[in-house]
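Single-structure report; data block below.
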Amino acid sequence: MSDNRIIPIVMPKWGLSMSEGKLTSWLMKDGDKVTIGDQILEVETDKIAGTVEASDAGILRRRIGQEDTVYPIKTLIGVVADPDVPDADIDVFVSSYVVPAAEEGEEEAGPRYEFADTAVGRLRYTKRGTADNAVLLIHGFGGDLDNWLFNAEALSENATVYALDLPGHGQSTKSVPEPTVAGLAKAVLAFMDTVKIDKAHLVGHSLGGGVAIEVAREAKGRVKSLTLINSAGLGPDINMDYIDGFISSTSRRDLKPALENLFADGSLVSRQMVDDLLKYKRLDGVGDALTALREGIFTNGKQATNLSNALKSAGVPVLVIAGAEDKIIPLAHAKGVTGAKVEVIEGAGHMPQMEQAGKVNALIKAHITGS
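So, in structure tokens, the structure goes:
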């Protein structure tokens with residue numbers, strides 16, 4: 002049965018490797034009014050826990066999925082519908098629901114990571130979508146492209162979205178000959194050259210925000226807009242206890258408390274997240290790369306590069322997003338930006354693109370559309 006007044010809630014796909022998720026809890030009950038952006042349920046993956054947010058308004062008519070149960074991606078776990086849709090129509094919709102087939106060209110295992118051999122070395126990246134508009138996602142210190150698990154797919158509806166691992170991070174080269182914001186910006190431009198991105202909307206998180214501003218300064222004609230999420234480069238202050246704790250941690254016991262500083266809700270730091278980062282930190286060259294970046298980007302406990310003037314003269318639309326409970330970079334840095342749209346996200350810390358993904362995605366989409 003096809004009825005556009007009946008909206009399926011399905012197990013989402015967050016990231017390239019996700020094939021299933023656990024429905025940990027429902028946050029709404031049958032009969033509740035649903036508005037766009039409402040958090041309906043919580044899901045846990047092997048990477049992180051997150052919430053599924055409503056993409057349409059209506060009434061939560063049927064909770065199908067059971068709590069503490071694992072479901073494959075795209076499985077029907079709930080139904081939102083207008084109040085005047087008969088229960089019999091809901092019954093037919095549920096009984097006849099078929100999990101959508103993979104899209105044309107999509108392998109069963111999902112899209113794969115790719116590698117680009119650039120002027121600064123081999124960089125890992127992902128590419129989602131096929132639209133002409135290009136969006137490039139740039140992660141922060143100690144992160145990787147998986148920091149955009151909840152964003153890349155959503156943003157690819159009307160754009161081709163790239164997310165890369167910066168040098169010294171993820172599965173990219175661990176060689177960082179120029180461990181500065183400017184050096185990382187050169188790496189981003191080398192990546193754009195290699196994969197033939199002429200011009201892109203840049204979305205940078207934390208250190209990645211500073212890198213994005215520097216790219217705009219060095220190559221104005223290649224940047225359509227800037228979205229800066231808890232961005233570095235907008236003031237001197239930084240939580241060096243976090244930076245140093247992240248670099249020095251060698252065990253789960255040490256690393257987990259450091260990572261909890263990234264979130265308003267520390268319980269989002271899963272065991273798998275900690276284990277994945279420990280594996281990364283044990284790779285050859287990672288310790289040296291992170292230490293070199295620390296020395297080049299943070300001097301005497303402060304951010305070494307102030308990009309406020311560069312941002313003012315960027316000449317492109319700028320959106321600044323900040324988590325209200327950020328423990329890494331002071332909220333005052335974002336609030337002090339002039340000539341940009343500034344959005345403060347309640348209930349989020351340093352990682353609002355994970356903690357409040359729906360709100361962040363909607364803001365970025367609107368910003369890109371209007372740029």
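Going by the numbering used here, the sequence shown opens with residue 2, and the numbers climb by one from there.
Beta carbons: idealized from backbone N, C-alpha and C, even for Gly.
Given the structure is predicted, the values throughout are model-derived calculations rather than measurements.
For threonine 76, collect the residues of the same chain with a Cβ closer than 7 angstroms to its Cβ; drop the 5 residues on either side in sequence, then sort them by chain order.
Val11, Met12, Val100
Where the alpha helix (DSSP H) containing lysine 187 begins and where it ends:
Taken as a continuous stretch (DSSP letters only), the alpha helix (DSSP H) holding lysine 187 covers 182-195.
Report all residues from its chain with a CB closer than 7 angstroms to the CB of tryptophan 27; omit the five preceding and five following residues, and keep chain order.
Leu42, Arg64, Glu68
At which residue ranges does the region 275-335 contain complete beta strand (DSSP E) runs of 3 or more residues, listed in the order of the chain?
The region 275-335 contains these whole beta strand (DSSP E) runs: 319-324.
Under 7 angstroms, do glycine 171 and aspartate 199 count as touching if we go by C-beta distance?
no
Look at valine 343 and valine 361 and say whether their C-beta atoms are less than 7 angstroms apart.
no
Backbone CA spacing between arginine 223 and alanine 217 [nearest angstrom]:
7 angstroms
Enclosing beta strand (DSSP E) for glycine 51 [first to last residue]
50-54
Lysine 48 classed as buried or exposed, judged by whether at least 16 other C-beta atoms fall within 10 angstroms
buried
In chain order, each alpha helix (DSSP H) run of at least 4 residues that lies wholly inside the region 82-157
Runs found: 88-97, 153-156.
Measuring CA to CA, which of Ser271, Gly302, Leu190, Pro180 is closest to isoleucine 239?
Ranking Ser271, Gly302, Leu190, Pro180 by Cα distance to isoleucine 239 puts Gly302 first.
Please classify glycine 371 as buried or exposed, where buried requires at least 16 neighbouring CB atoms within 10 angstroms.
exposed
Does valine 11 come out as helix, strand or coil in the three-state DSSP assignment?
Residue state for valine 11 is assigned as strand, using DSSP reduced to three classes.
If you compare alpha carbons, which of Asn159, Lys221, Lys328 is closest to alanine 233?
Considering only alpha carbons, the answer is Lys328.
Limits of the alpha helix (DSSP H) - the one that threonine 370 falls within:
358-370
Please classify glycine 143 as buried or exposed, where buried requires at least 16 neighbouring CB atoms within 10 angstroms.
buried
Would you mind sorting leucine 284 into buried or exposed? The rule is 16 or more other CB atoms within 10 Å of its CB.
exposed
Just the Cα atoms here: how many angstroms apart are glutamate 179 and alanine 335?
Annotation: glutamate 179 to alanine 335 spans about 27 angstroms, alpha carbon to alpha carbon.
Closer than 8 angstroms by C-beta to methionine 355: which residues in its own chain qualify, once you throw out the five before and the five after it? Chain order, please.
Ile49, Gly51, Asn148, Leu150, Phe151, Phe264, Leu269
Sheet register partners of arginine 64 (DSSP bridge):
Gly79
Within its chain, find whatever has a CB closer than 8 angstroms to the CB of leucine 278; leave out the 5 residues flanking it on each side and keep chain order.
Gly143, Leu256, Leu260
Report yes if the C-beta distance between methionine 19 and threonine 46 is below 7 angstroms; otherwise report no.
yes
Glycine 106 to tyrosine 126 span [Cα, whole Å]:
Confidence at glycine 106 is low in this model, with a pLDDT of 45, below 50, so the placement of that residue is unreliable and no value is reported for it.
Are the CB atoms of asparagine 159 and alanine 135 nearer to each other than 7 angstroms?
Going by C-beta atoms, asparagine 159 is not nearer than 7 angstroms to alanine 135.
Pop quiz: leucine 165 and phenylalanine 192 are said to be a contact at Cβ under 8 angstroms. What is the actual Cβ separation, rounded to whole angstroms?
Taking C-beta atoms under 8 angstroms as the contact rule, leucine 165 and phenylalanine 192 qualify, at a distance of about 6 angstroms.
To the nearest angstrom, how far is the alpha carbon of isoleucine 369 from that of leucine 229?
13 angstroms
Continuous beta strand (DSSP E) stretch holding isoleucine 380: start and end
This structure cannot speak to residue 380, because the chain is shown only from 2 to 372.
Nearest neighbour of leucine 227, chosen from Phe94, Gly297, Thr36, Gly210 [CA to CA]
Gly210
If I measure Cβ to Cβ from phenylalanine 116 and keep anything under 6 angstroms in the same chain, skipping five residues before and after, which residues do I get?
Arg123, Arg125
DSSP state of leucine 263 mapped onto helix, strand, coil:
helix
Run through DSSP, which three-state label would alanine 249 get?
The displayed chain sequence assigns serine, not alanine, to residue 249. In the structure shown, serine 249 sits in a helix (DSSP, three-state: H, G or I).
Hey, would you say valine 44 sits closer than 7 angstroms to valine 81, going by beta carbons?
no
Under the rule that 16 or more other beta-carbon atoms within 10 Å means buried, what is lysine 187, buried or exposed?
Answer is buried; the Cβ neighbour count reaches 16.
Quick check on the burial criterion: 16 or more other C-beta atoms within 10 angstroms. Buried or exposed for glutamate 108?
Confidence in glutamate 108 is poor, its pLDDT being 45 and thus under 50, which makes the residue's placement unreliable; the coordinate value appears in the next sentence. By the neighbour-count rule (16 or more Cβ atoms within 10 Å), glutamate 108 is not buried but exposed.
Taking the C-alpha atoms as reference points, what is the distance between glycine 324 and leucine 235?
15 angstroms
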